[in-house]
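From first to last, the protein sequence lines stand for chains A and B.
Note that the working numbering has the first sequence beginning at 68, numbered continuously upward.
Note that the working numbering has the second sequence beginning at 22, numbered continuously upward.
Every residue gets a Cβ at the ideal spot worked out from N, C-alpha and C, and that includes glycine.
None of these values were measured; they are calculated from a predicted model.
Written below as structure tokens is the structure these notes are about.
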Amino acid sequence: MDSWLSYRPEDFLLFSEPVYWRLFELHNAALWPAQIPALIAGLALAVLLIRPTPWAGRAIATILALAWATSALTFLPRYATINWLAADLVPVLLLQAGLLALVGVLGDGLRPTSNRGVRWAAVGLCVYALVLHPFIATLAGRPFSGAEIFALAPDPTALVSLAAVLAAGSRPAIWFTMPVPLLWCLVSAATLMTLGTWEAAAPLGAIVVVLAAGLPSALRSRQ
Amino acid sequence: MTDRPQRPDLDRRQLLIAGGAALAAASLPFAPAAGSAPGPVLRRTIPSSGERVPAVGLGSWITFNVGDDPVLRKSSADVMAAFSEAGGRMIDSSPMYGSAQDVIGDGLKRIGQTEAVFSADKVWTRDTDAGPAQIEQSRRLWQVPGFDLVQVHNLVGWRAHLETLAAMKAEGRLRYLGITTSHGRRHGLFEEMMQSHDLDFIQVTYNPVDREVEARILPLARERGIAVLVNRPFRRGALTQRLEGVALPDWARETGAETWAQMLLKFVLSYPAETIQIPATTRPEHARENLAAATSPLPDPATRSRLVAFLQDL
Numbered sequence: 068m069d070s071w072l073s074y075r076p077e078d079f080l081l082f083s084e085p086v087y088w089r090l091f092e093l094h095n096a097a098l099w100p101a102q103i104p105a106l107i108a109g110l111a112l113a114v115l116l117i118r119p120t121p122w123a124g125r126a127i128a129t130i131l132a133l134a135w136a137t138s139a140l141t142f143l144p145r146y147a148t149i150n151w152l153a154a155d156l157v158p159v160l161l162l163q164a165g166l167l168a169l170v171g172v173l174g175d176g177l178r179p180t181s182n183r184g185v186r187w188a189a190v191g192l193c194v195y196a197l198v199l200h201p202f203i204a205t206l207a208g209r210p211f212s213g214a215e216i217f218a219l220a221p222d223p224t225a226l227v228s229l230a231a232v233l234a235a236g237s238r239p240a241i242w243f244t245m246p247v248p249l250l251w252c253l254v255s256a257a258t259l260m261t262l263g264t265w266e267a268a269a270p271l272g273a274i275v276v277v278l279a280a281g282l283p284s285a286l287r288s289r290q
Numbered sequence: 022m023t024d025r026p027q028r029p030d031l032d033r034r035q036l037l038i039a040g041g042a043a044l045a046a047a048s049l050p051f052a053p054a055a056g057s058a059p060g061p062v063l064r065r066t067i068p069s070s071g072e073r074v075p076a077v078g079l080g081s082w083i084t085f086n087v088g089d090d091p092v093l094r095k096s097s098a099d100v101m102a103a104f105s106e107a108g109g110r111m112i113d114s115s116p117m118y119g120s121a122q123d124v125i126g127d128g129l130k131r132i133g134q135t136e137a138v139f140s141a142d143k144v145w146t147r148d149t150d151a152g153p154a155q156i157e158q159s160r161r162l163w164q165v166p167g168f169d170l171v172q173v174h175n176l177v178g179w180r181a182h183l184e185t186l187a188a189m190k191a192e193g194r195l196r197y198l199g200i201t202t203s204h205g206r207r208h209g210l211f212e213e214m215m216q217s218h219d220l221d222f223i224q225v226t227y228n229p230v231d232r233e234v235e236a237r238i239l240p241l242a243r244e245r246g247i248a249v250l251v252n253r254p255f256r257r258g259a260l261t262q263r264l265e266g267v268a269l270p271d272w273a274r275e276t277g278a279e280t281w282a283q284m285l286l287k288f289v290l291s292y293p294a295e296t297i298q299i300p301a302t303t304r305p306e307h308a309r310e311n312l313a314a315a316t317s318p319l320p321d322p323a324t325r326s327r328l329v330a331f332l333q334d335l
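Here's what the structure looks like:
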């Protein structure tokens, strides 16, 4: 055990920043044109948060479950070519897809709250993840072909999930479907911080928004 | 490959004697710095065999972990080609380094150097029963007939893995074995193992800032006739980044160094032990520059001290 404790976080960062970002370019090229239905599904989710219907919770959960499964089965195997830890995360992301199906689809636990303030906060996070987050690549001087797209890449998928759980505010949703997106945001932030890029602010910011601002309000709205 | 060991049947004592003589002739510790023009790439003698290898090798941590990216695989092969053309031979990797082993195997095949490389890899698994299978998997990725050197990575499962490596060596399936550590980890145990085991190589971190090994590890390596692979000569690039924009002083240029990277490499090379550095790079020109640092003259003790003080004051 002591040999493992002697490792530092940077010892497990086995790739350089350019190699990490190239991963998304290759991923997008390999999956094209899957980006189009993925974005349509993400925007549909945002619309359901703005104008909830009786079946909105189940539809949101279905979209998210499929998004997590897609990220797990397409992105992580590619990520595993440069980070062997990624292979161990496949079951975790698939577990999240299963939990969303269980809590959201079967239990209808992701039905958006009637609290408009919380819903709009969630929509804001959602719109960032779907529309603005992909442009971070361009903002950082990388080609748009390396954009991180909802459902195809875990970061925006985790951000949209946090938004949806925030909008639901139900205790089952929070307890069962929020830990994995939060965990992923932490892992992603740690990776990006170790790489030394400012882009770590995105997953960190999402955690702060959810934990400090939205979550207490969402919980109050359900009381 | 031109300088494989010629007398593999020598016993350890004979090899140590031969190695000791070669060591004295080859290492030229603290050679006078000024005046002489750069010569051929310095070689270091592996004390346990007398084999001589270029004093600068090529690391692969981070730099060659490029996955399946065809563009970056081609770039990695270009680095290996530049390294080989400049006279380099030893490439180091580990199962811990993601796709690096596969990228090395692919690159060596592309440039036709699979047979010529001095292949240095590691075994790195807590499941000690899995050691032989991991070494075989690594060999397949490298696409080499067998490894020249396998070391126990960061002492993980060292007891069983060293037994495996010793058995492989006895069977002629491995030429050298060793142990590694980095960042000053577990130096106490490391030292004990150097005393109690027949090691051909050790691998440690050494640079003008991380000098802990100067106290005991490097002198012990000399005493025990163990070759030393030096990792992180640039402190993971932190040293060269810190020195960016800082003009190379005349006293450093007198060693023949034209860049700070070369000066840092020359610092390590000037320590009087059989040190072989394994800096990693993604750029062919840096691979050439690193090899060019392994030429005489080397810094004398005063220049070494000056460099250490310079970095402390920076």
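Measuring alpha carbon to alpha carbon, tell me which of the options ends up nearest residue i.
i: Trp399 (chain B); options: B:Asp90, B:Gly266, B:Gly178; result: Any question about residue 399 (chain B) goes unanswered here, given that chain B covers just 22 to 335.
i: Lys130 (chain B); options: B:Arg73, B:Val230, B:Thr261, B:Arg161; result: B:Arg161
i: Thr180 (chain A); options: A:Thr120, A:Val172, A:Thr224, A:Ala204; result: A:Thr120
i: Asp334 (chain B); options: B:Ser317, B:Leu312, B:Arg263, B:Pro322; result: B:Arg263
i: Tyr197 (chain B); options: B:Ala154, B:Thr303, B:Ala248; result: B:Ala248
i: Leu195 (chain B); options: B:Glu157, B:Asn86, B:Arg256; result: B:Glu157
i: Asn150 (chain A); options: B:Pro116, B:Glu106, B:Met284; result: B:Pro116
i: Asn109 (chain A); options: A:Ser83, A:Leu199, A:Val254; result: A small correction: the amino acid at residue 109 (chain A) is Gly; Asn does not occupy that position in the sequence shown. When only C-alpha atoms are compared, the closest one is A:Leu199.
i: Arg125 (chain A); options: A:Gly174, A:Gly263, A:Trp251, A:Val194; result: A:Gly174
i: Thr137 (chain A); options: A:Leu250, A:Trp88, A:Ala101; result: A:Ala101
i: Val165 (chain B); options: B:His182, B:Ala141, B:Leu183, B:Arg180; result: B:Ala141
i: Thr84 (chain B); options: B:Val329, B:Pro293, B:Gly258; result: B:Gly258
i: Arg274 (chain B); options: B:Ser317, B:Thr303, B:Arg256, B:Ala242; result: B:Ser317
Am I right that residue i and residue j are in contact with their C-beta atoms under 8 Å? What's the rounded C-beta distance?
i: Val77 (chain B); j: Gln298 (chain B); result: 5 Å
i: Ala41 (chain A); j: Leu229 (chain A); result: Only positions 68 to 290 of chain A appear in the structure, and residue 41 (chain A) is not among them; the question remains open.
i: Leu166 (chain A); j: Leu192 (chain A); result: Their Cβ separation, rounded to whole angstroms, is 20 Å, which puts Leu166 (chain A) and Leu192 (chain A) out of contact at 8 Å.
i: Leu162 (chain A); j: Leu143 (chain A); result: Incorrect: roughly 13 Å between the Cβ atoms, too far for contact.
i: Ala231 (chain A); j: Leu177 (chain A); result: 6 Å
i: Ala134 (chain A); j: Phe217 (chain A); result: 6 Å
i: Ile200 (chain B); j: Leu176 (chain B); result: 6 Å
i: Arg303 (chain A); j: Leu112 (chain A); result: Because chain A is modelled from 68 through 290, residue 303 (chain A) falls outside the range shown and cannot be assessed.
i: Leu274 (chain A); j: Leu250 (chain A); result: Residue identity differs from the one stated: residue 274 (chain A) is Ile in this sequence, not Leu. Contact doesn't hold; Cβ gap of about 10 Å is too wide.
Just to confirm my understanding: we take residue i, look at its own chain, exclude 5 residues before and 5 after, and list those with CB closer than 7 Å. What are they?
i: Ser81 (chain B); result: Ile112, Asp113, Ser114, Tyr118, Ala121, Ile125, Ala301
i: Ala147 (chain A); result: Ala153, Ala154
i: Arg237 (chain B); result: Glu212
i: Arg147 (chain B); result: Val177, Gly178
i: Val194 (chain A); result: Ala113
i: Arg245 (chain B); result: Met215
If you run the structure through DSSP and keep just helix, strand and coil, what is residue i?
i: Gly199 (chain B); result: strand
i: Phe139 (chain B); result: strand
i: Pro75 (chain B); result: strand
i: Asn311 (chain B); result: helix
i: Thr66 (chain B); result: strand
i: Ser107 (chain B); result: According to the sequence shown, residue 107 (chain B) is Ala rather than Ser. Here Ala107 (chain B) sits in coil by DSSP.
i: Gly41 (chain B); result: Any reading at Gly41 (chain B) needs caution, since the residue's pLDDT is 38, under 50, leaving its predicted position unreliable; the model's value is listed next. Residue state, collapsed to three classes: helix.
i: Ile241 (chain A); result: helix
i: Pro252 (chain B); result: The residue you asked about is not Pro; residue 252 (chain B) is Asn in the sequence shown. Residue state, collapsed to three classes: strand.
i: Thr296 (chain B); result: strand
i: Ile149 (chain A); result: coil
Among the residues of its own chain, which have a CB less than 6 Å from the CB of residue i, if the five just before and after it don't count?
i: Lys287 (chain B); result: Thr276, Ala278, Ala314, Leu319, Pro320
i: Ala103 (chain B); result: Pro305, Ala308, Arg309
i: Ser212 (chain A); result: Glu92, Asn95
i: Val234 (chain B); result: Val225, Tyr227
i: Thr244 (chain A); result: Leu166, Leu167, Val170, Val232
i: Thr283 (chain B); result: In the sequence under discussion, the amino acid at residue 283 (chain B) is Gln, which differs from the Thr named in the question. Counting only Cβ-Cβ distances below 6 Å, and skipping sequence neighbours, we find Ala314.
Can you tell me where the beta strand (DSSP E) with residue i in it begins and where it stops?
i: Ala269 (chain A); result: Run containing Ala269 (chain A): none in the beta strand (DSSP E); it sits in the alpha helix (DSSP H), 268-275.
i: Val190 (chain A); result: Val190 (chain A) -> not in any beta strand (DSSP E); alpha helix (DSSP H) instead, spanning 183-194.
i: Gln224 (chain B); result: 222-226
i: Phe168 (chain B); result: 168-173
i: Ala207 (chain A); result: That residue, Ala207 (chain A), is in no beta strand (DSSP E); it is neither H nor E in DSSP.
Which residue marks the beginning of the alpha helix (DSSP H) containing residue i, and which one marks its end?
i: Ala273 (chain B); result: 271-274
i: Ala188 (chain B); result: 179-191
i: Asp334 (chain B); result: 322-334
What do you reckon, is the C-beta of residue i under 7 Å from a heavy atom of the ligand SAH?
i: Ala323 (chain B); result: Absent from the structure shown: the ligand SAH. Ligands present: none.
Can you find the residues in the same chain that come closer than 8 Å, C-beta to C-beta, to residue i, ignoring five residues on each side of it along the sequence?
i: Ala197 (chain A); result: Residue identity differs from the one stated: residue 197 (chain A) is Leu in this sequence, not Ala. So the qualifying residues of the chain are Leu106, Gly109, Leu110, Ala113, Phe217, Pro223, Val227.
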